[in-house]
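Asks: Structure incoming, see below.
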Amino acid sequence: MDFQELSLKEKVEVTVNEFKRRDKVAAQGKKEADQYMKRKFFQVGNIIKSKKKGAKQKW
Numbered sequence: 002m003d004f005q006e007l008s009l010k011e012k013v014e015v016t017v018n019e020f021k022r023r024d025k026v027a028a029q030g031k032k033e034a035d036q037y038m039k040r041k042f043f044q045v046g047n048i049i050k051s052k053k054k055g056a057k058q059k060w
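Everything in the sequence shown is counted per this note's numbering, starting at 2 for the first residue and increasing by one.
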């Protein structure tokens, strides 16, 4: 069914559902990005700690 053939109520429902879906996808992307950055900061912290202890760097 084409969007133009829908009633006003149906158009509003479709639009609201699209916004909800978009927000859900954006939240999931943000969560993944936050987890990635936490892992990176944790790795950098471990590298700094190992350098302070005089350990050799593992790349």
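We treat Cβ as the ideally placed atom computed from N, Cα and C, and that holds for glycine.
#1: At the level of alpha carbons, what is the spacing between residue 8 and residue 18?
#2: In angstroms with no decimal places, state the Cα-to-Cα distance between residue 38 and residue 13.
#3: Can you tell me whether DSSP reads residue 7 as helix, strand or coil?
Replies: With the given structure in hand:
#1: 15 Å
#2: 37 Å
#3: DSSP places residue 7 in coil when its eight states are reduced to three.
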